[in-house]
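Student: Take a look at this one; I'll ask things after.
Number of protein chains: 2
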Amino acid sequence: MKTNNNILIAQGGGPTNVINQSLAGIIINEKKMGSKIFGSLNGVNGIINNRFLGLNKISNSDLKIIQNTPGAALGSTRDKPDQNYCIEIFKRLQVKHIKKFYYIGGNDSSDSLKIISNFAKSKSYGLQCIHVPKTIDNDLVLNDHTPGFGSAAKYVAQLFSGINYDVKSLPGVYVGIVMGRHAGFLTAASSLLKKNDSDGPHRIFIPECPISLDEFLNSIKETFSKYGRCIVAVSEGIKDKSNKLFTEKIKKQNEFDDHGNIQLSGSGILGDYLVEQIKRKLKILRVRADTLGYPQRCFLGSASEVDQKEAFEIGLRSVKYSYKHPDSFSVGIKERKVFSKSYKVQYIQNSLIDIAGKTKHMDSSFYNKEKFRVTKTFTNYCLPLIGKNIPDTKSII
Amino acid sequence: MKTNNNILIAQGGGPTNVINQSLAGIIINEKKMGSKIFGSLNGVNGIINNRFLGLNKISNSDLKIIQNTPGAALGSTRDKPDQNYCIEIFKRLQVKHIKKFYYIGGNDSSDSLKIISNFAKSKSYGLQCIHVPKTIDNDLVLNDHTPGFGSAAKYVAQLFSGINYDVKSLPGVYVGIVMGRHAGFLTAASSLLKKNDSDGPHRIFIPECPISLDEFLNSIKETFSKYGRCIVAVSEGIKDKSNKLFTEKIKKQNEFDDHGNIQLSGSGILGDYLVEQIKRKLKILRVRADTLGYPQRCFLGSASEVDQKEAFEIGLRSVKYSYKHPDSFSVGIKERKVFSKSYKVQYIQNSLIDIAGKTKHMDSSFYNKEKFRVTKTFTNYCLPLIGKNIPDTKSII
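Chains as they are written, first to last, in my numbering: chain A, 1 to 397; chain Z, 1 to 397.
Written as C-alpha cells, this is what we have:
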C-alpha cells in the first residue's frame with residue numbers, strides 16, 4: 001500500500017448550497033495527483049468514530065451531480081475537538097497514514113482545524129491542515145467573501161423581491177427574519193433587487209448595529225405612513241442597546257452548541273414577538289412575519305452561478321497550493337480595494353492562525369446607521385456575487 | 001366615447017407567482033378586440049373607492065416583464081361584497097359603462113363574483129362576470145388544478161429537496177409548515193423530488209386527515225429510529241380528531257378575514273409548538289421547524305414554466321370564450337381521467353355557480369392515511385405541473 005499520498009477531506013458547520021463544489025474541486029485535483037482520498041463522515045466526528053469512505057471510486061458523472069447538490073455530501077458536525085478528542089483523531093489518522101487534511105467549513109471549523117494543527121505540531125506528527133472556506137454568514141476575516149454566501153444572498157434577495165410585490169398586493173407590515181448571528185451581510189442582501197426607494201425591504205436591522213425596540217417601531221411607523229406598507233429584514237442576531245440578543249431576552253429556554261453558539265434558527269419566536277409589538281404599539285392590523293430558516297442555505301435551484309464557480313475553483317486551488325506550500329493554510333478570496341459592480345475574483349492563501357475563530361463584520365461603509373438601510377457601496381460589493389440568472393420584474397402601480 | 005366595449009379586470013385573494021400571466025393574457029386578447037380596458041386597484045375594493053387604471057397604454061415590452069413578476073400587479077383584497085357593497089359597485093360600473101368584468105382569484109373571489117353576478121341579474125344590469133382561476137391551494141372544484149399551484153408546488157418541492165440534504169448533513173427532526181387551510185395539495189407537493197424512501201419528507205400531514213398528537217409523534221419516532229433523522233411536512237390547516245385546528249387550539253388570539261378564514265400564515269406558532277412536543281416527548285435533541293410562509297406564493301425565480309404558460313393561456317381563453325358565450329362563467333382546466341406523467345392540458349368553461357365558494361379536497365387515491373404519505377398516483381398527477389427546470393441531485397452517503 002502506497003501510503004505517502006493518503007489524504008482526508010471532511011466538511012464542518014452549517015452546510016451551504018455550494019459546499020460540495022469545493023469537495024468536488026479537491027477530489028478532482030487530488031485524483032490527478034494520484035492520491036488515495038478518504039472522506040470522514042460528519043466532519044471530525046467521523047474521524048474519531050472511524051467512519052471513513054473511499055472517494056476515488058466516485059465517477060466523474062456522479063461527481064458532477066453531487067457538486068450541484070445542496071447540503072454537505074459527507075455529512076457535517078458542530079463538534080469542537082479538545083485535547084482528548086485530538087488524541088483520538090491522531091490515532092485514526094496514523095492508522096490510515098493520512099498526511100493531509102482538508103476541512104471545508106467556516107469560522108468554527110477553521111478553529112477546530114487550528115486546534116488539530118497545533119496538536120499535531122506539539123506531537124511532531126506531520127499533518128498539513130488546509131482550511132477551505134464556506135459560510136453563508138460571509139464572516140471570515142481576510143476574505144472578500146466566502147463560498148456559500150453568494151447563493152444564500154441570492155435566495156434572500158429573490159425572496160424579498162417576491163415579498164415586495166406580494167405586500168404591494170395586500171398591504172401591511174412584513175417582517176422577514178434572516179440568518180446571521182454576528183454579521184449582517186445576509187440580511188443586507190435582502191435589498192439587492194430593490195428597484196427604487198418605495199420597494200421593500202424598507203428597513204434593515206443587523207447584529208452590528210444595536211437598536212432599541214422604540215427605534216425599530218418608529219422606523220416602521222415612518223415607512224408605513226409614507227407608503228402604506230412596510231417590509232423589514234431583521235437579522236436573527238439583532239441586539240438591544242445593552243448588546244443583549246433580542247432572542248435571548250424573549251426565549252425561555254436557550255440551546256447552545258459546542259462552540260457556544262446559541263440556537264437562533266428553526267424557531268419563529270423572534271418574528272412572532274416583533275409582530276406582536278408592531279400590532280400592539282403601532283395599531284397596524286395586517287402584520288406578518290416569516291422566519292426564513294434553513295432554506296436560506298439549502299434551497300434547491302437558487303445557487304448563484306458565480307458562487308458555484310468560485311466554490312469549485314477554491315477546491316481546485318486548495319490542492320494546487322498544498323503542493324507548492326507544505327504548511328497548513330487557509331485558502332481564500334482576496335479582498336477588493338474598490339467596491340464596484342465590475343468584480344474579478346482573486347484567490348489567496350492566508351495563515352490558518354489569522355483566520356481561525358475570528359469574525360468579520362459589515363464594513364461601516366456598507367450600512368447607514370441612521371436610516372437602517374444599506375448603502376450603494378454595499379450593493380456594488382454584493383450584487384456581482386449573486387449572479388445574473390434572476391428574472392426581471394416590474395410594477396403597474 | 002364608444003361605450004359598448006368597456007371591460008374591467010381585477011385580482012382578488014392571495015397573490016401567486018403567475019397571477020399576472022392571466023392578467024396579461026386578458027389584456028392582450030381584449031386589446032385585439034378593440035376594448036377599452038380598465039383595471040380596478042385592490043380587487044372589488046378599488047371599484048367602490050373609484051380607483052381605476054387604464055390598461056390599454058401598457059406597452060407590450062412592459063407587459064412581458066409584468067406577466068413574469070410575482071404578486072398581483074393591480075393589487076388584491078380580501079373584501080367580500082354584501083348588498084350595500086354591490087350597490088356601490090354598480091354605481092361605479094354604470095358610470096364607466098362596464099359590461100364585462102374579469103375577476104382573477106380563488107374560491108373566495110369566485111364567491112364574490114357570484115354575489116355580484118346575482119345582484120346584476122336581480123337589477124337587470126347586463127354584466128358578464130368571468131372568473132379566471134388562481135390559487136396556490138389548488139382547491140377549486142371541477143378543475144384538474146389551478147394556475148398558481150404548479151409554481152407554489154415547485155417552490156415547496158425544491159425547498160424540501162434542499163432540506164433533505166441539509167438534514168442528512170446535520171441529522172435531527174425537521175418540521176416544515178406548509179400553506180393550505182383546507183386542502184393538502186401543496187403540503188403533498190413537498191415529496192415530489194424524493195428519490196427514494198430514505199429521503200425526506202418522510203411523513204406528510206394534511207387537513208383532510210385529522211390526527212392525534214400521539215399519531216404524529218409516533219410516526220416521527222418510527223422514522224427517526226429507522227434513519228436517525230426525520231423530515232415532516234405539515235399543513236398549516238391540520239386538525240385533531242375532533243376536527244379542531246391545531247393552530248386554533250394553541251393560539252391565544254385569532255385573526256379572521258371577511259370570508260371567515262382564520263389567519264394561519266405569518267406566524268411560527270404551530271411549528272414552535274410541534275418542536276416543543278417532539279423535544280419533550282421523544283427526547284430528541286436537534287429539532288427544528290420552519291414555517292414556509294409567504295415565499296411559497298411569491299418567491300422570485302421559482303415559477304414553473306408549465307404553470308406560467310397555462311396561467312397566460314387561461315387569460316387568453318377567458319377572452320375568447322367570453323365572446324362566444326355571453327353569460328357569466330368560470331374558465332378552467334379539465335379534470336384528467338387518468339393520472340399519469342404524460343399530461344396534456346385541456347381548457348373548459350364551468351358555470352360560476354358550480355365553482356363559487358366550493359372547496360376541493362385531496363382525492364383519496366392521493367394519500368395513504370395509514371402511513372401519512374402521498375401515493376404514486378399523486379406524484380403522477382402533480383409532477384408534470386412543476387415543470388422540468390429543476391437541477392438533479394445525488395447523495396454520497
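Where a beta carbon is used, it is the ideal one built from N, C-alpha and C, also for glycine.
Report the neighbours of Z:C382 on chain A: residues whose CB is nearer than 9 angstroms to its CB, in chain order.
Tutor: Start at 1 with the first residue of the second sequence, and residue 382 of chain Z comes out as number 382. Residues of chain A passing the Cβ test: none, with the nearest at roughly 17 angstroms.
Student: How would you label A:E310, buried or exposed, when you count the other beta carbons within 10 angstroms and need 16 or more for buried?
Tutor: On the first sequence, position 310 is the one that residue 310 of chain A refers to. Label assigned to A:E310: buried.
Student: Can a CB atom of chain Z be found closer than 8 angstroms to the CB of A:S40?
Tutor: Residue 40 of chain A sits at position 40 when you count from the first residue of the first sequence. Closer than 8 angstroms: no.
Student: Starting from Z:I231, follow the beta strand (DSSP E) in both directions and report where the run begins and ends.
Tutor: Translated into positions along the second sequence, residue 231 of chain Z becomes position 231. Here the beta strand (DSSP E) through Z:I231 covers 230-235.
Student: So, does the region 299-309 of chain Z touch the region 373-392 of chain Z, judging by three or more C-beta pairs under 8 angstroms?
Tutor: yes
Student: I'd like to know whether the C-beta atoms of Z:D137 and Z:G180 end up nearer to each other than 8 angstroms.
Tutor: Sequence index remark: in the second sequence, residue 137 of chain Z carries index 137 (1-based). Sequence index remark: in the second sequence, residue 180 of chain Z carries index 180 (1-based). Cβ atoms of Z:D137 and Z:G180: closer than 8 angstroms.
Student: Three Cβ pairs or more, each shorter than 8 angstroms: is that satisfied between the region 30-41 of chain Z and the region 8-16 of chain Z?
Tutor: yes
Student: Counting only the same chain and skipping the five closest in sequence on each side, list residues whose C-beta sits under 8 angstroms from that of A:D272.
Tutor: Position 272 of the first sequence holds residue 272 of chain A. Correct list, in chain order: A289.
Student: Helix or strand or just coil, what does DSSP make of Z:A120?
Tutor: Within the second sequence, residue 120 of chain Z is the residue found at index 120, counting from 1. Correct three-state label for Z:A120: helix.
Student: Using beta-carbon positions only, say whether A:A233 and A:P201 come within less than 8 angstroms of one another.
Tutor: Sequence index remark: in the first sequence, residue 233 of chain A carries index 233 (1-based). Sequence index remark: in the first sequence, residue 201 of chain A carries index 201 (1-based). In this structure, A:P201 lies closer than 8 angstroms to A:A233 by Cβ.
Student: For A:I284 and A:I104, what's the separation of their Cα atoms in angstroms?
Tutor: Residue numbering aside, residue 284 of chain A sits at position 284 when the first sequence is read from its first letter. Residue numbering aside, residue 104 of chain A sits at position 104 when the first sequence is read from its first letter. Going from the Cα of A:I284 to the Cα of A:I104 covers about 46 angstroms.
Student: Are A:P207 and A:K241 closer than 8 angstroms when you measure CB to CB?
Tutor: Reading the first sequence from its first residue, position 207 is the one you call residue 207 of chain A. Reading the first sequence from its first residue, position 241 is the one you call residue 241 of chain A. Cβ atoms of A:P207 and A:K241: not closer than 8 angstroms.
Student: Does A:K2 get closer than 8 angstroms to chain Z when you measure Cβ to Cβ?
Tutor: Working through the first sequence from its first residue, we reach residue 2 of chain A at position 2. Unreliable placement is indicated for A:K2, whose pLDDT of 49 sits below 50; the coordinate value is still reported in the next sentence. No, no contact with chain Z.
Student: Pull up the DSSP beta-bridge partners for Z:C298, would you.
Tutor: Along the second sequence, read from residue 1 onward, the residue named residue 298 of chain Z stands at position 298. According to DSSP, Z:C298 bridges with nothing at all.
Student: Helix, strand or coil for A:P133, going by three-state DSSP, please let me know.
Tutor: Residue numbering aside, residue 133 of chain A sits at position 133 when the first sequence is read from its first letter. The answer is strand: DSSP assigns A:P133 an E or B state.
Student: Using the DSSP secondary-structure output, state which residues sit across from A:A289 in a beta bridge.
Tutor: Reading the first sequence from its first residue, position 289 is the one you call residue 289 of chain A. According to DSSP, which records beta bridges pairwise, A:A289 is partnered with A:V175.
Student: Output, in sequence order along the chain, the residues in the region 128-159 of chain A whose CB is closer than 7 angstroms to any CB in chain Z.
Tutor: Q158, L159
Student: If contact is defined by three or more beta carbon pairs under 8 angstroms, each pair taking one atom from either stretch, is the region 83-102 of chain A in contact with the region 115-131 of chain A?
Tutor: yes
Student: Who are the near neighbours of A:K279 in its chain, counting only those whose CB is closer than 8 angstroms to its CB and skipping five residues on each side?
Tutor: Position 279 of the first sequence holds residue 279 of chain A. Taken in chain order, the residues that qualify are L285, V287.
Student: Just to confirm before moving on: does the CB-CB distance between Z:T393 and A:T69 stay below 8 angstroms?
Tutor: Translated into the one-based positions of the second sequence, residue 393 of chain Z becomes position 393. Translated into the one-based positions of the first sequence, residue 69 of chain A becomes position 69. In this structure, A:T69 lies closer than 8 angstroms to Z:T393 by Cβ.
Student: Using only alpha-carbon positions, find the residue among Z:S109, Z:I26, Z:P295 that is nearest to Z:G12.
Tutor: Translated into the one-based positions of the second sequence, residue 12 of chain Z becomes position 12. It is Z:S109.
Student: Buried or exposed, going by whether 16 or more other CB atoms sit within 10 Å of the CB of A:E370?
Tutor: Along the first sequence, read from residue 1 onward, the residue named residue 370 of chain A stands at position 370. The C-beta of A:E370 has fewer than 16 other C-beta atoms within 10 Å across all chains shown, which makes the residue exposed.
Student: Are any of the Cβ atoms in chain A nearer than 8 angstroms to that of Z:P81?
Tutor: Here residue 81 of chain Z is taken as the residue at index 81 of the second sequence, counted from 1. Not closer than 8 angstroms to any Cβ of chain A, the Cβ of Z:P81 fails to qualify, so no.
Student: Less than 8 angstroms between the beta carbons of Z:L282 and Z:K221, yes or no?
Tutor: Locating residue 282 of chain Z in the second sequence gives position 282, counting from the first residue. Locating residue 221 of chain Z in the second sequence gives position 221, counting from the first residue. A contact, by the Cβ cut-off of 8 angstroms.
Student: Look up A:G106 in the DSSP assignment and say whether it is helix, strand or coil.
Tutor: Within the first sequence, the letter at position 106 stands for residue 106 of chain A. In the displayed model, A:G106 falls within coil according to three-state DSSP, outside both helix and strand.
Student: Measuring alpha carbon to alpha carbon, tell me which of A:Y174, A:N29, A:I87, A:L93 ends up nearest A:L292.
Tutor: Here residue 292 of chain A corresponds to residue number 292 of the first sequence, with the count starting at 1. For A:L292, the nearest C-alpha among the options comes from A:Y174.
Student: If contact means a Cβ-Cβ distance below 9 angstroms, which residues of the region 287-304 of chain A contact chain Z?
Tutor: V287, R288, A289, D290, T291, L292, G293, Y294, P295, R297, C298, F299, L300, G301, S302, A303
Student: Out of curiosity, what's the CA-to-CA distance linking A:K194 and A:S161?
Tutor: Within the first sequence, residue 194 of chain A is the residue found at index 194, counting from 1. Within the first sequence, residue 161 of chain A is the residue found at index 161, counting from 1. Whole-angstrom Cα-Cα distance: 7 angstroms.
Student: Please report how far the alpha carbon of Z:A183 lies from the alpha carbon of Z:N56, in whole angstroms.
Tutor: Position 183 of the second sequence, counted from the first residue, corresponds to residue 183 of chain Z. Position 56 of the second sequence, counted from the first residue, corresponds to residue 56 of chain Z. Rounded to whole angstroms, Z:A183 to Z:N56 spans 38 angstroms at the Cα level.
Student: Taking C-beta pairs closer than 8 angstroms, name the residues in chain A that Z:P15 reaches, listed in chain order.
Tutor: Residue mapping note: residue 15 of chain Z aligns to position 15 of the second sequence, counting from 1. Neighbours of Z:P15 on chain A, chain order: Y165, D166, S169, L170.
Student: May I ask which residues mark the beginning and end of the alpha helix (DSSP H) holding Z:I204?
Tutor: Counted from its first residue, the second sequence places residue 204 of chain Z at position 204. Unbroken run through Z:I204 is the beta strand (DSSP E), 203-205; no alpha helix (DSSP H).
Student: Beta-carbon separation of A:I204 and A:R373 under 8 angstroms?
Tutor: By one-based count along the first sequence, residue 204 of chain A stands at place 204. By one-based count along the first sequence, residue 373 of chain A stands at place 373. Yes.
Student: Would you say Z:P207 reaches chain A, if we count a Cβ-Cβ gap shorter than 8 angstroms as a contact?
Tutor: Here residue 207 of chain Z refers to the residue found at position 207 of the second sequence. Closer than 8 angstroms: no.
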